[in-house]
Amino acid sequence: QKLKNDKTMEEWWNACQRYEFEKEKKTDLSYGMFLASAISGDKFENTHSMWNSFGNYYKKYRAGTLERTSVKRQCVREFVSIEKKLCEYLDARTRKHQRHKLGVTRVVLREE
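Residues in the sequence shown are numbered from 2 upward in steps of one, following the numbering used here.
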């Protein structure tokens with residue numbers, strides 16, 4: 002059977018955040034108890050494989066390396082600062098276009 006990776010990094014990030022929030026209330030909360038509960042969501046199962054995966058992603062979350070993105074596989078991104086600056090620039094152009102009807106929108110840039 003082919004393994005399926007149907008969870009995005011954002012879903013893992015949200016699950017880790019919920020686990021950390023619940024762990025503050027209940028200190029003896031294990032990965033299994035969390036994954037078995039309804040709090041974890043319907044995409045997460047209570048299996049040993051999922052415990053291991055959740056533990057790995059939780060370590061990344063605690064270290065601050067788990068990014069809240071909509072991708073399913075996390076890869077090394079070389080140009081993070083440039084991506085952020087480009088997104089800020091495009092957002093500024095969009096705001097300027099909405100406010101003053103000047104500049105270009107993302108739709109126009111995407112078409113060209």
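Ideal Cβ positions, reconstructed from N, Cα and C, are used throughout, including at glycine. Remember, predicted model here, so these are calculated numbers, not experimental data.
In this structure, does DSSP put residue i in helix, strand or coil?
i	result
ARG69	coil
THR95	helix
LEU103	coil
GLU11	helix
GLN2	Confidence in GLN2 is poor, its pLDDT being 48 and thus under 50, which makes the residue's placement too unreliable to answer from.
GLY42	coil
SER82	helix
LEU30	coil
Between the C-alpha atoms of residue i and residue j, what's the straight-line distance to the nearest angstrom?
i	j	result
GLN2	HIS98	Any answer about GLN2 is weak, because its pLDDT of 48 lies below 50 and its placement is not dependable; what the coordinates show is given next. Approximately 50 Å between the Cα atoms of the pair.
MET34	TYR59	15 Å
PHE80	LYS8	24 Å
CYS17	PHE55	8 Å
LYS102	ASN57	47 Å
ASP43	SER31	18 Å
When you compare the CB positions of residue i and residue j, do they come within less than 8 Å of one another, or not?
i	j	result
THR95	MET10	no
ASN53	ALA37	no
ARG19	SER50	no
LEU1	TRP14	Here the chain comprises residues numbered 2 to 113, so residue 1 is not present and cannot be evaluated.
- [ ] Give a yes or no on contact between the region 19–31 and the region 72–86, applying the rule of three or more CB pairs nearer than 8 Å.
- [x] no
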